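Asks:
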Ligand code: SF4
Ligand code: SF4
Ligand code: SF4
Ligand code: FES
Ligand code: FES
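Protein chains in written order, with our numbering: chain A, 93 to 941; chain B, 28 to 181.
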């Protein structure tokens, strides 16, 4: 892991003249006779590792709070009678330390003997056997004998099932508390505790009941023994029979590293590796358990063509030649590609559409408002200027997150921020209408009216410039705004994180321009500002970098003429002006925020080619369906929201007759690329930010993409720069729905987004994830629930102007009154039916069934 | 459901601490005084008042023997079996009590009169072996003394 991942530990002192000075004190110590100089305060464990001496540990984990309870890491310090735990003892200048003398070795062996005394040693039936830290350390340091002849502690005979994904064997637990700490400190779910005492301590859920938690499985991952186990994986394989492939999570744009384990061509599990990737051993439920879609029975396995109005299987030759003919003969064509495709595929897609079929009508994603808003985001986050490490961004004194349900949309980014915010000197300011998990770590939580983000931002800007603050329509108090401005004034480094609400709401552009202005103002006052996007599709940033956008080419070079964005394409299609549309991996009918319009528009398209893994609602409307591949079946790269380029590696061949998307694109375009690497070589030439990166040297850390060069800032050329100079006039939220006569009849603003267990519609095909939450729901605040006499779990009718649904209620304490949330993921509750193009955030009425 | 009075008392005690969660132990005791033992519902309610997770409150309740996790009889006989008491015959005391009361440790007599529990050090090591019945200490126990004490509990 590069240095980027290691925090420096400066000591800050205030001098008598109130000056702040930062110094790094060094300490020189002798470890096993070897002299080493380290930063003062370094743990003996780390110093020893730096000096090249391995010290075994159980309870120590770098990202967790220090516990010092297992005593595996004992070392001898000259002059001290007792051995000391090196994982909690810092070095002192001049210390002489022994990590491998006889005393230490005997101590280690005895600690293991104690642990084994109560350990069932049922390795032959334990899932962990072969990759168990207790086995491995006993093998290496153990006493090689077992004089203990008493009865062993025993909690139960059968493993206890704690959730649809977690099964627990308490007998094997060695009480390292890693599970409890990861759940509390990183995940923030606080779902586990140490119940009881002494040998009878049980690390488990509240009253040992079924867990109602994030189901992230991080407790399983950190457990050194086979105490926490994955239920879907239990008894499926011995670890040494698995073939493991390191790749990247296909869901959100956090870009977690994960490892797929396959055996005889079946995907059996996904795990994460300690201190690997930005996620450092953590994953969320979808990354860890959302793998069974890869081999789902519902996968498309053969190409299909419409014959007599019905999709019928056909040969690849026939499908490709039809697609090619239609795309080349059609007059007006367009293409929409999913931001889950690899950079190579996206690059090839735009090249195919632009160079072969001569159109700039291309877009990625179909969930947003329009390209002007995406341009504003690209500009506000300076995407064309290269990547920013999240670890750099998190060093800021103040972190401001707006418009993101980050705990649900980017769970591991949420973990990283939670751990950072544990430092009380930092300010974490969160602005999002619903109460989310990260709120409990925030110094200030703003609950503003959805769609009033621009008011909040201009309020802060005005307060910073000592101008009058108006927050009408946002439900945020002026004093909160003043406090935020005050905190921003005193911070010297500020990181702003922008969520996808900015792309979903009608006021998104104003909000983004506001952020650009705010960043500018803060920069002008001498602060170090970083603005980063929080994106919900793994390769959204890559899609823009690759020029899958109507007005710029790879590397944000401006096109000669602007094409149409997704909305434009659909509008044209609805007028019967689209002769052919090529759609890859994007379920427009299910995701476009106006289902009826999208469906009608596509029904008027001359010819539709859909390339996907599943027969989505959109694919059902296609004339040709081409079965593509999943992330586990392809090679390539993704660029996460930080701008970090990471490598995908193939774990399996595409299912049955499905083909890698890259090869489908090559066939249609008649390109001669042999591999993703070949395409990447071309990307390096076209997108300057990728120029210095070598495909083969991409490791688990990835590489931050560089800036694409000043003269080519396409995003700047979009007129965005000009408008960012102008003063923003926040739109009044009452005018957001200017012509809505139903205001009182429909008292709730309906917002949507991803649920923690889901990402778009893809994760719906993962049965394990479906089991975690079988049914959709509508979430409202406790205040609204009380006012309506509704309890958690009640069935209610959610009625909008265009759609209605019957759903169970979830009550969220602390969410903003008048806000309802329905996840956008559930196939049977298509939330986009509530939306109408041009009407902004829909309003709904909620009543008891 | 905790009574309004109990909730009031918990809120009052919270005011004594810089952080809500610091009042956990007091809050558990206050609730136990009302309910006799800590029900699942009471734990949930307290956790929500204190703004901590249910399992974190569960940890505290489970660690201390003074919190009852099950209903107890009219007289809760708690025998210390920690080191000092143990060295001076605590196990024998438990046996005697078990026979006299006709109940095993950790259990309650069918008439709901006595619950016999083993507990950790009650800070009365100087007068070991000892036990606590409801709120009172009984020290320097002998078989005869136990006979006497039990007679007094009707
Ligand atoms: S699955 Fe995640 S949230 Fe649930 S107990 Fe384990 S670590 Fe905590
Ligand atoms: S369950 Fe595993 S991680 Fe948790 S305390 Fe026990 S051994 Fe450690
Ligand atoms: S969905 Fe996002 S946060 Fe979850 S594992 Fe995947 S990349 Fe990480
Ligand atoms: S690793 Fe140091 S005490 Fe557990
Ligand atoms: S050991 Fe029994 S009171 Fe201390």
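Don't be surprised by glycine CBs; every beta carbon is placed ideally from N, CA and C.
Nothing here was measured: the structure is a model prediction, and the numbers come from that model.
Note down, one range per segment and in chain order, each alpha helix (DSSP H) of at least 4 residues found wholly within the stretch 137-174 of chain B.
Replies: Complete alpha helix (DSSP H) runs here, min 4: none at all.
Asks: Are there three or more Cβ pairs, one per stretch, closer than 8 Å when the stretch 331-351 of chain A is compared with the stretch 626-642 of chain A?
Replies: The stretch 331-351 of chain A, when compared against the stretch 626-642 of chain A, does touch it at the 8 Å Cβ threshold.
Asks: Please name the residue in B:163, B:150 and B:167 whose C-alpha comes closest to that of residue 157 of chain B.
Replies: Within the second chain, numbered from 1, the residue matching residue 157 of chain B stands at position 130. Ranking B:163, B:150 and B:167 by Cα distance to residue 157 of chain B puts B:167 first.
Asks: Just to confirm before moving on: does the CB-CB distance between residue 890 of chain A and residue 879 of chain A stay below 8 Å?
Replies: In the first chain, counting from the first residue as 1, residue 890 of chain A sits at position 798. In the first chain, counting from the first residue as 1, residue 879 of chain A sits at position 787. Taking 8 Å as the Cβ cut-off, residue 890 of chain A and residue 879 of chain A do not qualify as a contacting pair.
Asks: With DSSP as the reference, identify every bridge partner of residue 644 of chain A, one or two as the case may be.
Replies: Mapped onto the first chain, residue 644 of chain A falls at position 552. Answer by DSSP bridge pairing, in chain order: A:650.
Asks: So, is the C-beta of residue 883 of chain A closer than 8 Å to a C-beta in chain B?
Replies: As a position in the first chain, residue 883 of chain A is number 791, starting the count at 1. Judged by the 8 Å Cβ criterion, residue 883 of chain A is not in contact with chain B.
Asks: Taking buried to mean at least 16 other C-beta atoms within 10 Å of its own C-beta, is residue 511 of chain A buried or exposed?
Replies: One-based indexing of the first chain puts residue 511 of chain A at position 419. Residue 511 of chain A should be labelled buried.
Asks: Taking contact to mean 3 or more Cβ pairs, one atom from each stretch, closer than 8 Å, check whether the stretch 394-403 of chain A and the stretch 865-874 of chain A are in contact.
Replies: Short answer: they don't touch.
Asks: Give the residues from the stretch 260-284 of chain A that approach chain B closer than 7 Å (Cβ to any Cβ), ordered along the chain.
Replies: Cβ contacts with chain B come from 282, 283 and 284.
Asks: Relative to the C-alpha of residue 108 of chain B, which residue among B:100, B:101 and B:118 is closest?
Replies: Residue mapping note: residue 108 of chain B aligns to position 81 of the second chain, counting from 1. Measuring from the Cα of residue 108 of chain B, the nearest candidate turns out to be B:118.
Asks: Residue 292 of chain A: buried (16+ other C-beta within 10 angstroms of its C-beta) or exposed?
Replies: Residue 292 of chain A sits at position 200 when you count from the first residue of the first chain. By the neighbour-count rule (16 or more Cβ atoms within 10 Å), residue 292 of chain A is not buried but exposed.
Asks: State the Cα-Cα distance for the pair residue 124 of chain B and residue 138 of chain B, rounded to the nearest angstrom.
Replies: Walking along the second chain from the start, residue 124 of chain B turns up at place 97. Walking along the second chain from the start, residue 138 of chain B turns up at place 111. Roughly 16 Å between the two C-alpha positions.
Asks: Could you check if residue 157 of chain B belongs to the surroundings of ligand 5, using beta carbon to heavy atom distance under 7 Å?
Replies: Translated into the one-based positions of the second chain, residue 157 of chain B becomes position 130. Checking the Cβ of residue 157 of chain B against ligand 5 gives yes.
Asks: Where does residue 814 of chain A fall in DSSP's three states?
Replies: Start at 1 with the first residue of the first chain, and residue 814 of chain A comes out as number 722. Because the pLDDT of residue 814 of chain A is 33, which lies under 50, any placement of that residue in the model is unreliable, and the number read from its coordinates should be weighed accordingly. In the structure shown, residue 814 of chain A sits in a helix (DSSP, three-state: H, G or I).
Asks: Distance check for residue 215 of chain A and residue 934 of chain A, CA to CA, integer angstroms please.
Replies: Sequence index remark: in the first chain, residue 934 of chain A carries index 842 (1-based). Sequence index remark: in the first chain, residue 215 of chain A carries index 123 (1-based). If I take the Cα positions, the gap works out to 56 Å.
Asks: Applying the criterion that 16 or more other CB atoms from any shown protein chain within 10 Å of the CB defines a buried residue, is residue 429 of chain A buried or exposed?
Replies: Taking the first chain and counting its residues from 1, one reaches residue 429 of chain A at position 337. Per the 10 Å Cβ criterion, buried.
Asks: Under 5 Å, CB to any heavy atom of ligand 3. Which residues pass, going along the chain?
Replies: Cβ atoms closer than 5 Å to ligand 3 belong to A:341, A:343, A:344, A:346, A:348, A:375, A:376, A:378, A:379, A:503 and A:504.
Asks: Assign residue 678 of chain A to one of two classes, buried (16 or more other C-beta atoms within 10 Å of its C-beta) or exposed (fewer than that).
Replies: Taking the first chain and counting its residues from 1, one reaches residue 678 of chain A at position 586. Looking at its Cβ environment, which holds 16 or more other Cβ atoms inside 10 Å, residue 678 of chain A is buried.
Asks: Using a Cβ-Cβ distance cut-off of 8 Å, determine whether residue 90 of chain B contacts chain A.
Replies: Residue numbering aside, residue 90 of chain B sits at position 63 when the second chain is read from its first letter. By this cut-off, residue 90 of chain B is an interface position.
Asks: For residue 320 of chain A, go through chain B and note every residue whose CB falls closer than 8 Å to its CB, in chain order.
Replies: Numbered from its first residue, the first chain carries residue 320 of chain A at position 228. Chain B residues near residue 320 of chain A: none, gap ~15 Å exceeds 8 Å.
Asks: Is residue 371 of chain A helix, strand or coil when you go by DSSP?
Replies: Residue numbering aside, residue 371 of chain A sits at position 279 when the first chain is read from its first letter. Correct three-state label for residue 371 of chain A: coil.
Asks: Residue 72 of chain B versus chain A: which residues are under 9 Å apart at the beta carbon?
Replies: Position 45 of the second chain, counted from the first residue, corresponds to residue 72 of chain B. Neighbours of residue 72 of chain B on chain A: none; closest Cβ ~13 Å, over 9 Å.
Asks: I'd like the span of the beta strand (DSSP E) that includes residue 730 of chain A, first residue to last.
Replies: Looking up residue 730 of chain A in the first chain gives position 638. Note, residue 730 of chain A: beta strand (DSSP E), 728-731.
Asks: Whose CA, out of B:88, B:62 and B:165, lies closest to the CA of residue 74 of chain B?
Replies: For the purposes of this step, residue 74 of chain B is taken as the residue at position 47 of the second chain. Among B:88, B:62 and B:165, the Cα nearest to that of residue 74 of chain B belongs to B:88.
Asks: The beta strand (DSSP E) that contains residue 506 of chain A, what's its start and end?
Replies: Along the first chain, read from residue 1 onward, the residue named residue 506 of chain A stands at position 414. Per DSSP, residue 506 of chain A belongs to no beta strand (DSSP E); it is in the alpha helix (DSSP H), 503-513.
Asks: Output needed for residue 180 of chain A: all residues of its chain with C-beta closer than 6 Å, excluding positions within five of it in sequence on either side, in chain order.
Replies: Locating residue 180 of chain A in the first chain gives position 88, counting from the first residue. These residues qualify, in order along the chain: 158 and 160.
Asks: Using a Cβ cut-off of 8 Å, which residues of the stretch 142-154 of chain B contact any Cβ in chain A, in chain order?
Replies: Flagged: no residues at all.
Asks: Just the Cα atoms here: how many angstroms apart are residue 435 of chain A and residue 71 of chain B?
Replies: Numbered from 1 along the first chain, position 343 holds the residue referred to as residue 435 of chain A. Numbered from 1 along the second chain, position 44 holds the residue referred to as residue 71 of chain B. Between residue 435 of chain A and residue 71 of chain B, the C-alpha separation is close to 49 Å.
Asks: Between the alpha carbons of residue 389 of chain A and residue 276 of chain A, how many angstroms are there, rounded?
Replies: The count along the first chain starts at 1 and reaches residue 389 of chain A at position 297. The count along the first chain starts at 1 and reaches residue 276 of chain A at position 184. So the two alpha carbons sit approximately 37 Å from each other.
Asks: So, is the C-beta of residue 927 of chain A closer than 8 Å to a C-beta in chain B?
Replies: By one-based count along the first chain, residue 927 of chain A stands at place 835. It does not; no Cβ of chain B falls within 8 Å.
Asks: Let me confirm a value: residue 830 of chain A is counted as buried when at least 16 other C-beta atoms fall within 10 Å, else exposed. Which label applies?
Replies: Locating residue 830 of chain A in the first chain gives position 738, counting from the first residue. Because residue 830 of chain A sits at a pLDDT of 36, beneath the cut-off of 50, its placement in the model cannot be relied upon, and the following sentence gives the value as read from the coordinates. It counts as exposed.
Asks: Give the residues from the stretch 505-521 of chain A that approach chain B closer than 7 Å (Cβ to any Cβ), ordered along the chain.
Replies: Listed in sequence order: no entries.
Asks: Quick one: Cα of residue 731 of chain A to Cα of residue 770 of chain A, how far?
Replies: Here residue 731 of chain A refers to the residue found at position 639 of the first chain. Here residue 770 of chain A refers to the residue found at position 678 of the first chain. Near 18 Å, if we compare the C-alpha coordinates of residue 770 of chain A and residue 731 of chain A.
Asks: For residue 289 of chain A, return the contacting residues in chain B, with the cut-off set at a CB-CB distance below 8 Å.
Replies: Position 197 of the first chain, counted from the start, is the residue given in the question as residue 289 of chain A. Result: 89 and 90.
Asks: Are residue 134 of chain A and residue 120 of chain A closer than 8 Å when you measure CB to CB?
Replies: Looking up residue 134 of chain A in the first chain gives position 42. Looking up residue 120 of chain A in the first chain gives position 28. Against a cut-off of 8 Å, the Cβ pair of residue 120 of chain A and residue 134 of chain A comes out as no contact.
Asks: Rounded to whole angstroms, what's the CA-CA distance from residue 569 of chain A to residue 563 of chain A? Just pull it up for me.
Replies: Translated into positions along the first chain, residue 569 of chain A becomes position 477. Translated into positions along the first chain, residue 563 of chain A becomes position 471. The alpha-carbon atoms of residue 569 of chain A and residue 563 of chain A are separated by roughly 7 Å.
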